[in-house]
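8 is the number of the first residue of the sequence shown in the numbering used here; add one for each residue after it.
Just so you know, even glycine gets a beta-carbon here, dropped at the ideal spot from N, CA and C.
All of these numbers come straight from a predicted model, not from anything done at the bench.
The structure under discussion appears below in the form of structure tokens.
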Amino acid sequence: MKLQELKKLVKETLLEFTNPKPEKPKREKEVETSPDKEKEVKPLRRRLPTPEKAPEPTPKGHKKPATASEMSIANKIADKFNKLK
């Protein structure tokens, strides 16, 4: 097995997952508003997490657990690597 082949497979797999997929165009809904009604614009308020629901900080030097998408990418790379043997 050549190192270049492995690098090529890893690069292809990463490009496959990192390239943005084309988005479907969203349908625009037409909303009828009467001209005599004025919209009240309320400012958005940021909700602060309550102490019970706040996430625990990660200790220094520890990494966060991998997300599902990161795990799937790693598994696909491992599968391609195992097929080369």
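Residue 83 and residue 16: beta carbons closer than 7 Å? It is not a contact, given that the beta carbons lie outside the stated cut-off.
Starting from residue 89 and walking both ways along the alpha helix (DSSP H), at which residues does that stretch end? Counting along the chain, the alpha helix (DSSP H) containing residue 89 begins and ends at 75 to 91.
Going along the chain, which residues of its own chain have a beta-carbon closer than 8 Å to the beta-carbon of residue 67, five neighbours each way excluded? Scanning its chain for C-beta atoms nearer than 8 Å, with the 5 sequence neighbours on each side dropped, one finds no residue around residue 67.
Mind reading off the beta-carbon distance from residue 91 to residue 12? Whole number of angstroms is fine, and I expect it under 8 Å. Between residue 12 and residue 91 the Cβ distance is about 7 Å, and since that is below 8 Å, they are a contact.
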